[in-house]
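Each residue of the sequence shown is one higher than the one before, counting from 154 in my numbering.
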Amino acid sequence: MSIPITLDRLSKTFQTGGTKNQVLKDITLKLRSGESIAIVGTSGSGKSTLLSIIGTLDRPTSGSFFLGERDVSRMKTGELSEVRFNDIGFIFQQYHLVASLTVLENVLSPLLMRKVDFNKKERAVSLLERVGLKDHLHKLPSQLSGGQQQRVAIARALINHPAWILADEPTGNLDTGTGETILSLLLELNEEAGCGLIIVTHDMQLAKKMDRQIQIQDGEIISDERRTTV
Ligand SMILES: Nc1ncnc2c1ncn2[C@@H]1O[C@H](COP(=O)(O)OP(=O)(O)OP(=O)(O)O)[C@@H](O)[C@H]1O
Ligand SMILES: [Mg+2]
Numbered sequence: 154m155s156i157p158i159t160l161d162r163l164s165k166t167f168q169t170g171g172t173k174n175q176v177l178k179d180i181t182l183k184l185r186s187g188e189s190i191a192i193v194g195t196s197g198s199g200k201s202t203l204l205s206i207i208g209t210l211d212r213p214t215s216g217s218f219f220l221g222e223r224d225v226s227r228m229k230t231g232e233l234s235e236v237r238f239n240d241i242g243f244i245f246q247q248y249h250l251v252a253s254l255t256v257l258e259n260v261l262s263p264l265l266m267r268k269v270d271f272n273k274k275e276r277a278v279s280l281l282e283r284v285g286l287k288d289h290l291h292k293l294p295s296q297l298s299g300g301q302q303q304r305v306a307i308a309r310a311l312i313n314h315p316a317w318i319l320a321d322e323p324t325g326n327l328d329t330g331t332g333e334t335i336l337s338l339l340l341e342l343n344e345e346a347g348c349g350l351i352i353v354t355h356d357m358q359l360a361k362k363m364d365r366q367i368q369i370q371d372g373e374i375i376s377d378e379r380r381t382t383v
């Protein structure tokens with residue numbers, strides 16, 4: 154469950170037509186398991202690209218990426234999807250719930266056709282209770298508010314006990330109050346479950362609630378600070 158992340162001189166270049174765009178430049182980082190980390194930076198600085206690589210949804214162009222002892226940057230596609238399934242829970246700004254499935258079915262959806270060593274339904278129901286949705290198990294996403302839909306997405310991300318929760322602007326579609334509640338919930342779950350938490354956000358106030366703030370500009374880390382506990 155405890156798996157540190159190590160990025161060593163990781164770069165990403167996108168090629169569109171004849172033009173090359175280097176979006177991440179020699180990123181070197183060590184993220185301790187269990188840490189809560191905010192990635193901040195202006196639009197286009199490379200935050201989502203970095204999160205997608207850490208989440209194994211994209212690959213670096215050069216450099217390496219280790220999850221624990223495993224060199225993820227050199228894995229084959231099949232191995233990558235296993236890593237994603239076993240170790241990563243992703244939360245998106247747009248929730249990405251399946252509209253035709255109930256709340257409970259959405260939370261169970263990553264486990265479809267998978268064998269796991271715990272009771273799937275018990276786990277899904279207890280996670281939904283934990284995020285405050287026990288009275289909504291059989292509703293469709295369209296019958297829920299934005300904040301409630303994001304709670305479903307959080308429960309779904311946690312279903313397989315991931316080592317890391319990655320969230321790309323998870324509060325971006327929510328009003329300030331609901332956004333704060335969702336962030337507090339993520340931080341509580343980060344403590345309770347012992348999983349690491351990486352959140353991409355534009356909001357410095359939210360970022361300051363995390364253990365560590367990493368600022369990216371033009372694909373480079375320009376600051377990396379730990380929260381000072383008073
Ligand atoms: N699949 C892609 N193909 C080509 N260029 C891409 C691709 N994905 C991202 N980019 C480019 O990489 C740069 C960084 O994009 P990225 O989405 O990582 O920024 P961001 O920091 O998340 O921005 P925002 O705050 O607006 O979400 C941008 O210039 C973008 O156009
Ligand atoms: Mg982005």
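No residue lacks a Cβ here, since even glycine has one placed at the ideal position from N, Cα and C.
query                                                                                                                                                                               : result
Near ligand 1, which residues have their beta-carbon less than 5 Å from any of its heavy atoms, given in chain order?                                                               : Phe167, Val176, Ser196, Gly197, Ser198, Gly199, Lys200, Ser201, Thr202
Which word fits threonine 172, buried or exposed, when buried means at least 16 other C-beta atoms lie within 10 angstroms of its C-beta?                                           : exposed
Is aspartate 321 near ligand 2, with its Cβ less than 8 Å from a heavy atom?                                                                                                        : yes
Tell me where the beta strand (DSSP E) around isoleucine 369 begins and ends.                                                                                                       : 365-370
Thinking isoleucine 369 and isoleucine 192 are a contact (beta carbons under 8 Å), I'd like their distance in whole angstroms, please.                                              : 6 Å
Report yes if the CB atom of leucine 339 is closer than 9 Å to the CB atom of isoleucine 375, and no otherwise.                                                                     : no
Since lysine 178 is in the beta strand (DSSP E), which residue starts that stretch and which ends it?                                                                               : 172-184
Should aspartate 321 go down as buried or exposed, given a rule of 16 or more other Cβ atoms within 10 Å for buried?                                                                : buried
For serine 192, write down the residues that DSSP places opposite it in a beta bridge.                                                                                              : This sequence places isoleucine at residue 192; serine is not what is there. According to DSSP, isoleucine 192 bridges with Val353, Ile367.
Leaving aside the five residues before and after leucine 250 along the sequence, list all residues of the same chain whose C-beta is less than 7 Å from its C-beta, in chain order. : Asn259, Pro294, Gln302, Val305, Ala306
Does the pairing of the segment 228-237 with the segment 202-209 give three or more beta-carbon distances under 8 Å?                                                                : yes
Could you give the distance in angstroms between the alpha-carbon of threonine 381 and the alpha-carbon of glutamine 358?                                                           : 14 Å
Of all the options Thr331, Glu275, Pro315, which has the alpha carbon lying nearest to the alpha carbon of glutamate 345?                                                           : Pro315
Under the criterion of a Cβ to heavy atom distance below 8 Å, does valine 260 qualify as lining ligand 2?                                                                           : no
Examine ligand 2 and report whether any of its heavy atoms sits within less than 8 Å of the Cβ of valine 193.                                                                       : no
Quick check on the DSSP output: the alpha helix (DSSP H) that includes aspartate 240 runs from which residue to which?                                                              : 230-240
May I ask you to list the residues that DSSP assigns as paired with phenylalanine 219?                                                                                              : Thr159, Asp224
Tell me where the beta strand (DSSP E) around alanine 320 begins and ends.                                                                                                          : 317-321
Taking arginine 223 as the reference, give the member of Asn272, Gly197, Ile158 with the closest Cα.                                                                                : Ile158
Please report the straight-line C-alpha distance between leucine 163 and lysine 178, rounded to a whole angstrom.                                                                   : 7 Å
Cα separation between leucine 182 and glycine 194?                                                                                                                                  : 16 Å
Can you list, in chain order, the residues of its chain whose CB lies under 8 Å from that of arginine 185, leaving out five sequence neighbours each side?                          : Pro157, Gly349
Using the three-state DSSP reduction, which class does lysine 165 fall into: helix, strand or coil?                                                                                 : strand
Kindly indicate which three-state DSSP category arginine 304 falls into: helix, strand or coil?                                                                                     : helix
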